[in-house]
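Residue numbers (the UniProt record's numbering): 1 to 116.
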């Protein structure tokens, strides 16, 4: 029941509700790879790519032949890498840049010209 309702919540774009049902499903049936897969899918939807990758890894441990789980794991890992690159880019844009020595010299010589 929780697995089907989880899928419904995902289709309705209700990530937290989907995750709650996926986790209930996993607690009831920890050896069922689909429960872990659903948890990973909900976490991925919520952009928790590390959590999603962890859940997909557990699903893959339970069903090592599943191409669907392998694909989902790969997508979660790639999304995590992209997210980290985006965060790094934003951080570099938000970090104040120290002027280079030549910029100081140019400013100083420009001001001196006006004051001398």
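Backbone N, C-alpha and C define an ideal beta-carbon position, used for all residues, glycine too.
- Out of 41, 27, 65, the CA that lies nearest to the CA of residue 54 is found in 41.
- For a cut-off of 8 Å, the C-beta gap from residue 33 to residue 69 is around 7 Å, short enough to register as a contact.
- The continuous alpha helix (DSSP H) containing residue 26 extends over residues 15-28.
- Distance between residue 57 and residue 17, taken at the CA atoms: about 22 Å.
- For residue 31, there is no enclosing alpha helix (DSSP H), as DSSP gives it neither H nor E.
- The shortest C-alpha to C-alpha distance from residue 71 to any of 43, 31, 15, 37 is the one to 37.
- Secondary structure of residue 44 (DSSP, three-state): helix.
- Following the DSSP letters along the chain, one finds residue 66 in no alpha helix (DSSP H), marked with neither H nor E.
- Out of 39, 28, 31, the CA that lies nearest to the CA of residue 10 is found in 39.
- Within its own chain, the residues whose Cβ lies closer than 6 Å to the Cβ of residue 19, once the five positions on either side in sequence are excluded, are 42, listed in chain order.
- Here residue 83 has 47, 49 as same chain residues with Cβ atoms under 8 Å from its own Cβ, once five neighbours each way along the sequence are excluded.
- In the assembly as shown, residue 8 is an exposed residue. Its beta-carbon has fewer than 16 other beta-carbons within 10 Å.
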